[in-house]
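According to our numbering, the sequence shown is numbered sequentially starting from 2.
Glycine included, each C-beta is placed from N, C-alpha and C at the ideal position.
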Amino acid sequence: MSLVVVLAMMTSIAGNHVPYDQIETIAERWGAREWSDMSIVRVLTYYSFDGEVTGYAFIFSKKTMPPDEILIKEIIEDRGRRPRNRYGVDDYATVVMSSRRSEVPIFQFYRGLPDYYSIRRYLPQRFDNLKALKVYYYSPGEEWIEFEGGLLVKAYSGQVYDKDEFLKGFTPQRPHAGVEKLTDKMWQELRSGDFATQDSNKIPDMVPFYEWHYGCSPTASSMLLGYWDTRGYAKLVDFFYGPCYSYPENAWDDGIANCQRELALAMNTDTLTGGTSIYNIHTGQLAVCNGYNNNYNFQ
Numbered sequence: 002m003s004l005v006v007v008l009a010m011m012t013s014i015a016g017n018h019v020p021y022d023q024i025e026t027i028a029e030r031w032g033a034r035e036w037s038d039m040s041i042v043r044v045l046t047y048y049s050f051d052g053e054v055t056g057y058a059f060i061f062s063k064k065t066m067p068p069d070e071i072l073i074k075e076i077i078e079d080r081g082r083r084p085r086n087r088y089g090v091d092d093y094a095t096v097v098m099s100s101r102r103s104e105v106p107i108f109q110f111y112r113g114l115p116d117y118y119s120i121r122r123y124l125p126q127r128f129d130n131l132k133a134l135k136v137y138y139y140s141p142g143e144e145w146i147e148f149e150g151g152l153l154v155k156a157y158s159g160q161v162y163d164k165d166e167f168l169k170g171f172t173p174q175r176p177h178a179g180v181e182k183l184t185d186k187m188w189q190e191l192r193s194g195d196f197a198t199q200d201s202n203k204i205p206d207m208v209p210f211y212e213w214h215y216g217c218s219p220t221a222s223s224m225l226l227g228y229w230d231t232r233g234y235a236k237l238v239d240f241f242y243g244p245c246y247s248y249p250e251n252a253w254d255d256g257i258a259n260c261q262r263e264l265a266l267a268m269n270t271d272t273l274t275g276g277t278s279i280y281n282i283h284t285g286q287l288a289v290c291n292g293y294n295n296n297y298n299f300q
């Protein structure tokens with residue numbers, strides 16, 4: 002590879018990365034809005050399998066966070082006492098930020114500790130004395146934690162892989178063409194402190210509410226299709242069904258729109274965990290609208 006090509010690649014990578022101080026400022030503002038009594042106590046760096054920094058997990062708390070060896074011991078001792086969910090929802094909160102302009106700025110935010118810690122609650126005992134080395138993160142549905150011994154654990158399912166064997170067949174999802182215009186606008190809004198358009202808790206007027214099932218992305222997208230179904234785009238929602246068991250919730254759901262299942266299939270959602278790759282959301286929406294006997298021509 003020529004020096005010119007290498008320099009061009011390095012320039013492209015550098016140009017796509019957002020300065021850390023801007024990322025931290027956005028995370029602090031978001032945390033202050035969501036959890037006004039908490040502040041940042043620790044930051045984890047997330048990577049790609051190529052070693053590139055992909056994002057950061059900003060951990061918030063009201064109190065000082067103990068050293069890892071003490072915290073991990075507490076989490077392991079809590080194994081099996083509660084349903085499978087995040088650890089520390091009463092004491093901690095997390096904002097996962099991207100480091101790249103071509104990605105949405107905020108990947109996730111939630112109460113509790115990131116999977117780097119929480120996953121200890123349901124890993125086999127043989128992991129108790131293994132050190133977690135690094136988090137590989139591409140999106141909420143594409144997160145792996147590397148442990149000593151060349152072991153990879155998928156964050157959402159807990160499935161264990163041999164790292165070398167896994168990487169032989171791994172191909173990361175990539176942003177779709179043109180998405181940078183949208184994500185760049187989102188970065189600009191958050192840098193300016195404008196969080197008005199980032200409210201994830203409000204369902205717009207006239208959009209139907211559907212029971213959460215299969216995952217966040219299929220559920221939210223089915224509500225979107227439900228809106229257009231009543232506005233001249235018939236067939237997007239054909240019927241509702243249930244009861245049906247939800248593994249992530251450990252509960253039975255009823256009144257599930259048929260398009261939720263179609264969307265989960267089209268988005269390749271992990272229905273055991275509810276995880277969906279960001280890059281599969283738009284293509285999945287189009288696949289359902291233009292296929293599955295709907296036969297529209299959405300772009």
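Next item on the list: Kindly indicate the opening and closing residues of the beta strand (DSSP E) around threonine 46.
Entry: Locating residue 46 in the sequence shown gives position 45, where the first residue counts as 1. Annotation for threonine 46: the continuous beta strand (DSSP E) segment containing it runs 40 to 48.
Check: Expressed to the nearest angstrom, what Euclidean distance is found between the alpha-carbon atoms of leucine 266 and threonine 272?
Finding: As a working note, residue 266 is residue 265 in the sequence shown. As a working note, residue 272 is residue 271 in the sequence shown. Taking the straight line joining both Cα atoms gives about 9 Å.
Next item on the list: Report yes if the CB atom of glycine 276 is closer than 8 Å to the CB atom of glycine 142, and no otherwise.
Entry: Here residue 276 is taken as the residue at index 275 of the sequence shown, counted from 1. Here residue 142 is taken as the residue at index 141 of the sequence shown, counted from 1. Result yes, Cβ atoms of glycine 276 and glycine 142 sit closer than 8 Å.
Item checked: Where serine 247 falls: helix, strand or coil (DSSP) -> Taking the first residue of the sequence shown as position 1, residue 247 is located at position 246. Strand, per DSSP.
Notebook entry, point to check: Which partner residues of isoleucine 60 appear in the DSSP bridge assignment?
Noted result: By 1-based counting over the sequence shown, the position of residue 60 is 59. As computed with DSSP, isoleucine 60 is found in a beta bridge with Arg43, Thr95.
Note to self: Are the CB atoms of valine 136 and tyrosine 117 within a distance shorter than 8 Å?
What the structure shows: To locate residue 117, count along the sequence shown from 1; it is residue 116. To locate residue 136, count along the sequence shown from 1; it is residue 135. Yes, they are a contact pair.
Item checked: Outcome for asparagine 295 when other beta-carbon atoms lying within 10 angstroms are tallied against a minimum of 16 -> To locate residue 295, count along the sequence shown from 1; it is residue 294. The residue in question, asparagine 295, is buried, as its Cβ has 16 or more Cβ neighbours within 10 Å.
Check: Start and end of the beta strand (DSSP E) containing leucine 226?
Finding: Position 225 of the sequence shown, counted from the start, is the residue given in the question as residue 226. From DSSP, leucine 226 is part of no beta strand (DSSP E) but of the alpha helix (DSSP H) over 217 to 230.
Margin query: So tyrosine 139 and threonine 55 are supposed to be a Cβ contact under 8 Å. How far apart are they, rounded?
Written below: Counting from one through the sequence shown, the residue named residue 139 turns up at place 138. Counting from one through the sequence shown, the residue named residue 55 turns up at place 54. Tyrosine 139 to threonine 55, Cβ: 6 Å. Contact.
Notebook entry, point to check: From isoleucine 71 to alanine 156, what does the alpha carbon distance come to, in whole angstroms?
Noted result: One-based indexing of the sequence shown puts residue 71 at position 70. One-based indexing of the sequence shown puts residue 156 at position 155. Counting only the Cα atoms, alanine 156 lies some 21 Å from isoleucine 71.
Note to self: Short of 7 Å in beta carbon distance, which residues of its chain neighbour aspartate 165, apart from the five on each side in sequence? Order them along the chain.
What the structure shows: Counting from 1 along the sequence shown, the entry for residue 165 is found at position 164. The residues are Gly151.
Checklist line | Among Ser158, Leu191, Lys182, Val289, nearest to tyrosine 248 - alpha-carbon criterion | finding: By 1-based counting over the sequence shown, the position of residue 248 is 247. Among Ser158, Leu191, Lys182, Val289, the Cα nearest to that of tyrosine 248 is on Ser158.
Item checked: Nearest-angstrom beta carbon gap, tyrosine 246 and asparagine 259 [assumed within contact, 8 Å] -> As a working note, residue 259 is residue 258 in the sequence shown. As a working note, residue 246 is residue 245 in the sequence shown. Their Cβ separation, rounded to whole angstroms, is 17 Å, which puts asparagine 259 and tyrosine 246 out of contact at 8 Å.
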